[in-house]
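What follows is a single structure, written as structure tokens, with notes after it.
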Amino acid sequence: MQKISVLLFLAWVGFLFYAGIALFTSGFLLTRLELTNHSSCQELPGPESQPWGSQGKPGACWMASRFSRVVLVLIDALRFDFAQPQPSHGPGEPPVSLPFLGKLNSLQRILEIQPHHAKLYQSKADPPTTTMQRLKALTTGSLPTFIDAGSNFASHAIVEDNLIKQLTSAGRRVVFMGDDTWKDLFPGAFSQAFFFPSFNVRDLHTVDNGILEHLYPTMDSGEWDMLIAHFLGVDHCGHKYGPHHPEMAKKLSQMDQVIQGLVERLENDTLLVVIGDHGMTVTGDHGGDSELEISAALFLYSPKALFPGAPPEVSRFLHTYSAAAQDLQVKELHRLQNLFSKASADYQRLLQSPQGAEAALQTVITELQQFLRGVRAMCIQSWARFSLGRMAGGAALMAAACFLCLLVSQWLISPGFCFRPLLLTPMACGLAGTIVCAGLLTTTGLKLDPVVLGAMAAVGSLLPFLWKAWAGWGSKRPLVTLLPIPGPVLLFLLIRFAAFFSDSFVVAEARATPFLLGSLILLLVAQLHWEGKLLPSKLLTIPRLCFSASTGPPQRNGTHALGLGVGLLLCIRLAGLFHRCPEETPACHSSPWLSPLASMVGGRAKNLWYGACVGALVVLLAAVRLWLRRYSNLKSPEPSVLFVRWGLPLMVLGTAAYWALASGADEAPPRLRALVAGASVVLPRAVAGLAASGLVLLLWRPVTVIVKATTGAPRPRTVLTPFSGPPTSQADLDYVVPQIYRHMQEEFRGRLERTKSQGPLTVAAYQLGSVYSAAMVTALTLLAFPLLLLHAERISLVFLLLFLQSFLLLHLLAAGIPITTPGPFTVPWQAVSAWALMATQTFYSMGHQPVFPAIHWHAAFVGFPEGHGSSTWLPALLVGANTFASHLLFAVGCPLLLLWPFLCESQGPRKRWQPLGNEAEARVRPEVEEEPLMEMRLREAPHHFNAALLQLGLKYLFVLGIQILACALAASILRRHLMVWKVFAPKFIFEALGFIVSSVGLFLGIALVMRVDGAVSSWFRQLVLAQQR
9 MQKISVLLFL
19 AWVGFLFYAG
29 IALFTSGFLL
39 TRLELTNHSS
49 CQELPGPESQ
59 PWGSQGKPGA
69 CWMASRFSRV
79 VLVLIDALRF
89 DFAQPQPSHG
99 PGEPPVSLPF
109 LGKLNSLQRI
119 LEIQPHHAKL
129 YQSKADPPTT
139 TMQRLKALTT
149 GSLPTFIDAG
159 SNFASHAIVE
169 DNLIKQLTSA
179 GRRVVFMGDD
189 TWKDLFPGAF
199 SQAFFFPSFN
209 VRDLHTVDNG
219 ILEHLYPTMD
229 SGEWDMLIAH
239 FLGVDHCGHK
249 YGPHHPEMAK
259 KLSQMDQVIQ
269 GLVERLENDT
279 LLVVIGDHGM
289 TVTGDHGGDS
299 ELEISAALFL
309 YSPKALFPGA
319 PPEVSRFLHT
329 YSAAAQDLQV
339 KELHRLQNLF
349 SKASADYQRL
359 LQSPQGAEAA
369 LQTVITELQQ
379 FLRGVRAMCI
389 QSWARFSLGR
399 MAGGAALMAA
409 ACFLCLLVSQ
419 WLISPGFCFR
429 PLLLTPMACG
439 LAGTIVCAGL
449 LTTTGLKLDP
459 VVLGAMAAVG
469 SLLPFLWKAW
479 AGWGSKRPLV
489 TLLPIPGPVL
499 LFLLIRFAAF
509 FSDSFVVAEA
519 RATPFLLGSL
529 ILLLVAQLHW
539 EGKLLPSKLL
549 TIPRLCFSAS
559 TGPPQRNGTH
569 ALGLGVGLLL
579 CIRLAGLFHR
589 CPEETPACHS
599 SPWLSPLASM
609 VGGRAKNLWY
619 GACVGALVVL
629 LAAVRLWLRR
639 YSNLKSPEPS
649 VLFVRWGLPL
659 MVLGTAAYWA
669 LASGADEAPP
679 RLRALVAGAS
689 VVLPRAVAGL
699 AASGLVLLLW
709 RPVTVIVKAT
719 TGAPRPRTVL
729 TPFSGPPTSQ
739 ADLDYVVPQI
749 YRHMQEEFRG
759 RLERTKSQGP
769 LTVAAYQLGS
779 VYSAAMVTAL
789 TLLAFPLLLL
799 HAERISLVFL
809 LLFLQSFLLL
819 HLLAAGIPIT
829 TPGPFTVPWQ
839 AVSAWALMAT
849 QTFYSMGHQP
859 VFPAIHWHAA
869 FVGFPEGHGS
879 STWLPALLVG
889 ANTFASHLLF
899 AVGCPLLLLW
909 PFLCESQGPR
919 KRWQPLGNEA
929 EARVRPEVEE
939 EPLMEMRLRE
949 APHHFNAALL
959 QLGLKYLFVL
969 GIQILACALA
979 ASILRRHLMV
989 WKVFAPKFIF
999 EALGFIVSSV
1009 GLFLGIALVM
1019 RVDGAVSSWF
1029 RQLVLAQQR
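Letter 550 of the sequence shown, counting from 1, is numbered 558 in my numbering, and no numbers are missing.
In structure tokens:
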């Protein structure tokens, strides 16, 4: 089985899953129809309406304007309680200690002094509570949809009728200053604009100070009809520090001064509107639909008295949308239209007969409120319509891909099975069918849907493969033998599968995952005890090489395995201390260790934590170096090992220096702030550059061995080969390589010209037994440091626990995996399941949750404090790397499950009898010592080695595929559930993205092992050819 075939098969299986995920997503996350109709000032709001306030003048608006100018101050994330007036405390009562309360004193003073000129309302924001969606809702009056949250940082121009469009069409001058999101939403709509970059959530002052520089001069100039100022400092302060930090009090006090300055400059015909687009959670995040996130403040003020309300213009939109989309419920639509007609008629009668106006007006207000609530509920239900056909097709494709992984993983260990002939024809059929369908769609003028074409290609290649494989191989065996998952593991997978259908479990998964992982570990220890694998050492008997088993003491006993299990459970418990509570559990308190050090107030505590974080980096570096030194790979002169010696300490120093600057940047002296800002850019990029350089060196020279050439008396040659001369085929080479290593301390016959006078040259190679694992551990360490930079400083302790947990789990699993020589090699299902579950547990320990408000947006600015300009892929890449760091690391390190049992072979030298000569000669020959083969045993059967890598990859994809399939089915079946958009839809999106990252990481990890294997083959080939000269 060639290496390229293994990689192609894994890529094909990944494509099957991707096609299923894309097809399901296209049917599940639908956007609503955006109307391009634009109303005019002369159009009446209803068919029976009369021009109110215009006295029927030609060309006049149906509603006379009350104010000639508007100042709209949008304070991003202005939660209602930030602006809510605070009752005065008595002389014996302690003052309120929350930093965000009572800071907008100007609002309270105006409400008390001029109650008829000011109003304060609690505005309820429709989720998702992200800035771009809220701006669309505020300016258009429509509802945001769920999928729009994905375009929060890639805004597109609004095509619907909106407030800015109406003002510019009426010839009004609209001036804007602040968040540059408005630039993308309303390109070219402003008569004057001052845009400032908005995505840098660490920057509290640039946008606000830029607004203040232009706000009052523009207002005094009078060259405007509507002035919009979008402040971002409060929102960024929440993201960086949280609402309970003293910086929030400073920022709110600044906004209070802004409001006071505006009130002093207002004229009688001007309306001041101060509004928040959404709120924020207790951690300063937003995006969901919790009460704190949807609660925003709305303050109105004018030097003259405010006006009463008037009937809203919603009926026309409802009529136009129902005619264009035709997806609203007919009965509910008629009911709402009749309700609106009745309210309009009552309002007309009120205008004509003002007797009893107060009671009649209250009736009209109640009817209009019922109408608006009914329209909102109907639109929300309508805009959540699903394409059941696509959802079913996507789920079926993912289920078929899981079934494929399960079958082929079992067939691979069967003798004689070869999937290459089965793969080529189906892939060609799928590609040809897709090209034909695309051509037909193009010639008929129909729209090409890449998602549908990808699904057709996946199905067109999958069905022929399953048919040919079953006809040629599967039908010859009972179906039960093709499903070899052990009972306990199957029960675990079923529990995991069923749990995704419970919103309570999804919410509490952060607490349930450590329990499941601990239960699985206890099951592993008990299974080792029941199978008797804890007491005896592994028997490594190879009859054809006359290799006897070791007679030394057992290396793995019950106490050792029990210690590994206890240590692993302890690490899981410690990792559970780093947790972030979901918003659905208000009684839970998130770990304070997830916040960055910059948010800490006490200098002493900050210094102690900084020392602990740097200590974790040093311990991690020392552990990796000691591990490499134990297997002597650190003594190799290869460039990658030299980088581990010198490059990794530089990465640790760069990371520690960046943390020091980031945690104390606000406290830096003014003369050093420019230097600190420059170092904050250079240091993260330098660490990432060093990591990339180390990975390139590792790919270039991955073989970390020591080669020694000495001269001396010739010794008997003990390499047994069935051929004469140099190897002439790959099979000859694959046979002789393990023997060369087994006898690598014996000399190679051959004389080089420069050593002819000194005698024969003896070439000895060391540390080949850990050559694969050394490359994997080095690669994982180089990946970990850039990923660590994207997290808060104290997450370094989680990374340290991650490596320690992996080390303990690998040793525990190695105790139960038998070493079979010459093959086949296989990794048990319980090992793969535990590895995948540990990735999920680490995801939660890093402070993540499968909800949008929990995304660590600050990761986009590590190394880019000034933002990324118009680029969206780089910040998305950084945020994605932060979110799915655990998925990537565990997927890349998945091949260690196969390599570690061989690595854990006893390290002591073994005695081997010389096999040459007759029996009498063998009895008198001395014993010679040799090192254990360890990972070189995998090369004794290259076909089994490649098959084991493919089987491991398919098992891992199966476990991950079961999870994404369960999330898809849960979101599909419970699509009308109350918590579908709050729990099930975000969970599906995060699982889908995590599956994509994990599959790519798995592909890269297996490719790295194969790169090392190819380099080892080339290295041995050179030694064999040098011997023959």
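Idealized CB from N, CA, C, for every residue including glycine.
Everything numeric in this text was worked out from a predicted model, so none of it was measured.
(request) Can you have a look at A506 and say buried or exposed, based on whether 16 or more other CB atoms are within 10 angstroms of its CB? (result) By the beta-carbon neighbour count (other beta carbons within 10 angstroms, threshold 16), A506 is exposed.
(message) Let's test the definition: count the other Cβ atoms within 10 Å of the Cβ of N346 and tell me whether it reaches 16, buried, or not, exposed.
(response) It counts as exposed.
(request) Can you give me the Cβ contacts of V991 inside the same chain, cut-off strictly under 7 Å, excluding the 5 residues immediately before and after it? (result) Contacts found: D511, V514 and V515.
(request) Taking 8 Å as the threshold, find out whether the stretch 1002-1014 comes into contact with the stretch 890-904 through three or more Cβ pairs. (result) Contact holds: three or more Cβ-Cβ distances are below 8 Å.
(request) Can you give me the start and stop residues for the alpha helix (DSSP H) that F25 sits inside? (result) F25 -> alpha helix (DSSP H) spans K11 to F36.
(request) Excluding the 5 residues preceding and the 5 following A30 in the sequence, name in chain order all residues of the same chain whose CB lies nearer than 7 Å to its CB. (result) So the qualifying residues of the chain are V459 and G462.
(message) Can you tell me where the beta strand (DSSP E) holding K111 begins and where it ends?
(response) For K111, no beta strand (DSSP E) run applies, since DSSP gives it neither H nor E.
(request) Pair every Cβ in the stretch 790-809 with every Cβ in the stretch 593-611, then say whether three or more of these pairs are closer than 8 Å. (result) With the cut-off at 8 Å, the stretch 790-809 and the stretch 593-611 touch.
(request) Specify, as a first and last residue, the run of the alpha helix (DSSP H) that R210 falls within. (result) Note, R210: premise wrong, no alpha helix (DSSP H); not H, not E.
(request) Report yes if the C-beta distance between L128 and F307 is below 8 Å; otherwise report no. (result) With respect to the 8 Å criterion, L128 and F307 are classified as neighbours on the basis of their beta carbons.
(request) Tell me, to the nearest whole angstrom, how far the beta carbon of G397 is from that of G35; I am working on the premise that it is less than 8 Å. (result) That belief holds up - the Cβ atoms of G397 and G35 are roughly 7 Å apart, short of 8 Å.
(request) Report all residues from its chain with a CB closer than 7 Å to the CB of D264; omit the five preceding and five following residues, and keep chain order. (result) Once the five neighbours on either side are set aside, the close Cβ partners of D264 are K111, L112, N113 and S114.
(message) If I measure Cβ to Cβ from A351 and keep anything under 8 Å in the same chain, skipping five residues before and after, which residues do I get?
(response) Result list for A351: P319, V372, E375, L376 and F379, in chain order.
(request) Could you tell me which uninterrupted beta strand (DSSP E) segments, each at least 3 residues in length, are contained entirely in the stretch 243-317, listed from first to last along the chain? (result) Runs found: 278-283 and 303-309.
(request) Could you tell me whether the Cβ atoms of W865 and V835 are closer together than 8 Å? (result) Using a Cβ distance threshold of 8 Å, W865 and V835 do not count as a contacting pair.
(message) Between S781, A884 and L960, which has its C-alpha nearest V840's C-alpha?
(response) When only C-alpha atoms are compared, the closest one is L960.
(message) For S12, count the other beta carbons within 10 Å of its own beta carbon; 16 or more makes it buried, fewer makes it exposed. Which is it?
(response) Sequence check: residue 12 is Ile here, not Ser. It is exposed - the Cβ of I12 has fewer than 16 other Cβ atoms within 10 Å.
(message) Check for me: the alpha helix (DSSP H) holding M140 runs from which residue to which?
(response) Counting along the chain, the unbroken alpha helix (DSSP H) around M140 starts and ends at T139 to T148.
(request) Mind checking which residues open and close the beta strand (DSSP E) that includes I236? (result) Its beta strand (DSSP E) spans residues M234 to F239.
(message) Measuring alpha carbon to alpha carbon, tell me which residue in M944, Y309 and A1023 is nearest E120.
(response) It is Y309 whose Cα lies nearest to the Cα of E120.
(request) For the stretch 225-234 and the stretch 181-200, state whether three or more C-beta atom pairs, one from each stretch, are separated by less than 8 Å. (result) Look at the beta carbons and you see the stretch 225-234 touching the stretch 181-200: at least three pairs across the two are nearer than 8 Å.
(request) Please name the residue, chosen from T139, A682, M659 and L882, that lies closest to H244 on a Cα-to-Cα basis. (result) Nearest option by C-alpha distance: T139.
(message) To the nearest angstrom, how far is the alpha carbon of V81 from that of V690?
(response) Each residue's CA atom was taken as its position, placing V81 and V690 some 37 Å apart.
(request) May I have the straight-line CA-CA distance separating Y26 from S980, to the nearest angstrom? (result) Straight-line Cα distance between these residues: approximately 18 Å.
(request) With a 10 Å radius around its C-beta and 16 neighbouring C-beta atoms as the bar for buried, classify Q1030 as buried or exposed. (result) Within a 10 Å sphere around the beta-carbon of Q1030 sit fewer than 16 other beta-carbons, which makes this residue exposed.
(request) Whole angstroms is fine: what's the gap from S1006's alpha carbon to H895's? (result) So the alpha carbons of these two residues sit roughly 5 Å apart.
(request) Determine the direct distance from the alpha carbon of Q813 to that of A842, and round the result to whole angstroms. (result) Each residue's Cα considered, the two are about 11 Å apart.
(request) Tell me whether F23 is buried or exposed, calling it buried when 16 or more other Cβ atoms sit within 10 Å of its Cβ. (result) It counts as buried.
(message) Quick check: T278 and R77, are their CB atoms within less than 8 Å of each other?
(response) A distance below 8 Å separates the beta carbons of T278 and R77.
(request) Can you have a look at V574 and say buried or exposed, based on whether 16 or more other CB atoms are within 10 angstroms of its CB? (result) Its Cβ having fewer than 16 others within 10 Å, V574 is exposed.
(message) Alpha carbons only, please: which of H125, L572, L958 and M846 is nearest the one belonging to K312?
(response) Among H125, L572, L958 and M846, the Cα nearest to that of K312 is on H125.
(request) Determine the contact status of L572 and L420, defining contact as a CB-CB distance below 8 Å. (result) No Cβ-Cβ contact shorter than 8 Å links L572 with L420.
(request) Could you check which residue in A893, R693 and R681 has the C-alpha nearest to that of A847? (result) Taking A847 as reference, the option from A893, R693 and R681 with the minimal CA-CA separation is A893.
(message) Please tell me whether M464 and G441 are closer than 8 Å, where the distance is taken between their beta carbons.
(response) Result yes, Cβ atoms of M464 and G441 sit closer than 8 Å.
(message) On the criterion of 16 or more Cβ atoms from any shown chain inside 10 Å, does R931 qualify as buried, or is it exposed?
(response) Annotation note: pLDDT 42 at R931 (below 50); position unreliable, no value reported.
(message) Could you give the first and the last residue of the continuous beta strand (DSSP E) run that contains I1084?
(response) Lying before the first or after the last residue shown, residue 1084 is absent from the chain, which here runs from 9 to 1037.
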